[in-house]
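Just below is one structure, and these are the notes that go with it.
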Amino acid sequence: MKLYKENQLKIYNSLSKTKEAFKPVHDGHIGMYVCGPTVYSNAHLGNLRTFMFFDVAFRYFLHLGYKVRYVRNITDAGHLENDADEGEDRIAKKARLEEIEPMEVVQRYTVDFHDVLKKYNFLPPSIEPTATGHIVEQIEMIKDIIDKGLGYEVNGSVYFDVIAYNKNNHYGILSGRKIEDAIHNTRVLDGQSDKKNPQDFALWKKADERHIMRWPSPWSDGFPGWHLECSVMSSKYLGDKFDIHGGGLDLKFPHHECEIAQSKTCSGHDPVNYWMHTNMLLLNGQKMAKSTGNYILPDEILTGENKILSKAFSSSVVRFFNMQANYRSILDFSSDALEASEKGYLKLMEAMSSLVSLSPQKSSSVDISQWKKKCYAAMNDDFNTPVLISHLFEGVKFINQIKEGNASITSNDLVDFVTTMNAFVFDVLGLLNDVKDQASGKIDGVVSLLIKLRKEARENKDWDLSDQIRDELLSIGIQLKDGREGTTYSIS
Ligand code: AMP
Ligand code: ZN
């Protein structure tokens with residue numbers, strides 16, 4: 006039986022502002038869309054927090070046996086410098102400053118993003134569509150919005166009529182903004198904007214001569230508004246009613262509010278059943294953000310090359326640090342906090358390494374079935390990873406007690422225990438056991454030393470010693486192979 010049948014997941018829905026029982030549109034299937042990065046610079050650790058949380062949610066869905074289509078887009082056009090439909094395209098600006106093609110900027114930072122996610126052990130999404138790959142569909146959606154009477158053209162640009170939409174719908178349903186406060190353009194107050202109302206937002210912008218990222222359209226050579234790509238790509242790959250839409254809290258308004266307005270205008274209904282928002286990672290008490298320079302890069306953590314850091318940390322320590330906090334709480338980053346997480350992480354990994362060598366007994370003095378229920382209950386309660394981690398440490402206590410002979414476990418319970426610990430630690434949280442890696446590094450050092458001693462013994466024609474080294478290594482499963490390049494080894 007699929008695990009999801011016996012696990013009623015509850016998700017905090019930002020739309021209803023309550024925890025709701027999760028029921029997918031299609032039984033056993035989940036469609037999840039997460040707004041991806043704008044690839045004009047390296048993703049920072051704050052961006053990573055958001056993507057990491059959704060990686061863990063994705064992993065948990067897969068663990069429960071759901072068939073998941075996870076779409077995370079790449080924003081490679083249309084995201085302007087500020088959220089008020091003004092300023093330069095972020096990618097075009099970077100290209101201009103660096104005197105390279107916009108698509109070189111896109112390529113560089115997309116590759117970097119993927120590299121970082123690999124180092125941090127992310128699962129790839131099912132589909133990773135780009136905004137520039139869906140210009141045709143975006144133009145079609147604008148035409149549809151114009152046909153429905155909620156889009157209007159002025160001087161080659163097309164805007165969404167928020168005031169008209171709000172007559173029959175609720176603009177502000179997600180963010181709670183009042184319509185009078187939901188202003189997208191400050192310049193309109195000086196009469197410089199083409200918009201009918203300051204609340205309106207761009208669907209299509211006419212490109213001025215300087216703007217190099219441009220496409221032909223019925224209205225002008227221009228580019229799509231930022232919010233449009235997500236309405237288009239989510240409905241294209243997940244349908245016009247899908248299960249989960251996620252992103253950081255800062256995307257609630259205007260981005261997600263506008264997405265709802267666009268999608269609802271086209272389909273006639275709300276596009277998403279569960280809206281999920283992650284809270285911000287802070288540095289020095291402020292939101293970690295590229296624009297303010299208040300950020301740290303994931304690669305800097307791995308090398309320790311940032312003056313904020315006391316040393317380098319592994320990617321799993323960062324994962325553990327993130328998962329020790331609830332995704333809906335703000336999280337303060339500091340080197341001290343990472344060091345504290347590292348201690349906990351190492352304790353957990355040491356226990357995981359000794360898990361395999363526990364011996365079963367005739368009876369269990371630990372209640373594995375009760376403990377396992379608590380682990381699932383934590384994740385089912387809106388992905389409460391800090392509570393899950395506290396239960397995993399109860400597991401660590403069991404391991405140490407069993408090891409020291411102060412507790413016992415039957416073979417059936419041991420199988421269940423090992424499977425559950427491995428599932429949550431490695432499959433769901435996505436941690437890697439660096440301690441094991443460190444141990445294999447040490448083995449490598451020791452075997453290399455023995456190979457060197459054997460070489461010296463052979464040079465001295467001490468065949469007894471050289472054979473003894475080879476045979477004793479073989480008896481513990483390490484086979485030496487002599488070749489033209491020297492001696493190598495394999496572990497069986
Ligand atoms: P961007 O590349 O700026 O579009 O951001 C990518 C994702 O990172 C979005 O979901 C943002 O909400 C999220 N994000 C940006 N800054 C932070 C932060 N300091 N903490 C957590 N998430 C963030
Ligand atoms: Zn988006």
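Per my numbering: the sequence shown = residues 6 to 497. Idealized CB from N, CA, C, for every residue including glycine.
By the rule of a C-beta closer than 5 Å to any heavy atom of the ligand ZN, the residues picked out are C40 and C235. Annotation for I373: the continuous alpha helix (DSSP H) segment containing it runs I373 to N385. Judged by the Cβ position, D255 qualifies as a neighbour of the ligand AMP at the 7 Å threshold, a heavy atom of the ligand being closer than this. Closest in C-alpha terms to E355, from the list D341, V430, Y176 and K312, comes V430. Residues N311 and L314 of the same chain have their beta carbon placed closer than 8 Å to that of E305, with the five preceding and five following residues left out of the count.
If you draw a straight line from the Cα of S358 to the Cα of Q406, it is about 15 Å long. Counting along the chain, I140 sits inside the alpha helix (DSSP H) bounded by residues I140 to D152. Of the candidates A48, M384, I151 and D81, A48 places its Cα closest to the Cα of F118. At a threshold of 7 Å, A212 does not count as near the ligand AMP, since its beta carbon sits no closer than that to any of the ligand's heavy atoms. For L286, the shortest C-beta to heavy atom distance toward the ligand AMP is below 7 Å.
Looking only at P276, L286 and C263, the smallest Cα-Cα distance to G253 is reached by L286.
Per the coordinates, the alpha-carbon of T23 lies some 8 Å from the alpha-carbon of I16.
Apart from sequence neighbours up to five positions away, the residues of its chain that approach I483 with a beta-carbon distance below 7 Å are V452, Y494 and I496, ordered along the chain. Annotation for Y114: V44, Y45, S46 and N47 place their beta carbon closer than 7 Å to its own, counting only its chain and skipping 5 residues before and after. Nearest in C-alpha terms to G251, of all of G161, K172, N78 and G309, is N78. Using a Cβ distance threshold of 8 Å, P276 and F247 count as a contacting pair. Cα atoms of I132 and F326: separation of roughly 28 Å, rounded to the nearest angstrom. Annotation for N327 indicates a beta carbon at 7 Å or more from all heavy atoms of the ligand AMP.
I483: not part of any alpha helix (DSSP H); member of the beta strand (DSSP E) spanning I483 to G488, first to last residue.
In the structure shown, the three-state DSSP call for G450 is helix.
As far as DSSP is concerned, W468 takes part in no beta bridge. The three-state secondary structure of K28, taken from DSSP, is coil.
The stretch 215-281 is shown to contain whole beta strand (DSSP E) runs of 3 or more residues at 227-229 and 247-253, in chain order. In terms of Cβ geometry, N174 and I184 do not form a close pair [threshold 8 Å]. Segment contact: the stretch 205-215 against the stretch 54-66, fewer than three CB-CB distances shorter than 8 Å; contact not assigned. When rounded, the separation of the alpha-carbon atoms in E103 and L85 is 18 Å. E347 sits in a helix when the DSSP states are folded into three classes. Setting aside the 5 residues that flank it on each side, S225 is surrounded in the same chain by G161 and K211, each with a C-beta closer than 6 Å to its C-beta; the list follows chain order. Two segments are said to touch when three or more pairs of C-beta atoms, one from each, lie closer than 8 Å; by this definition the stretch 472-491 does not touch the stretch 419-427. The ligand AMP has no heavy atom closer than 7 Å to the beta-carbon of R113.
Between N52 and the set N389, L122 and G36, the nearest pair of CA atoms involves L122. In this structure, DSSP gives K352 a helical state, which the three-state scheme calls helix.
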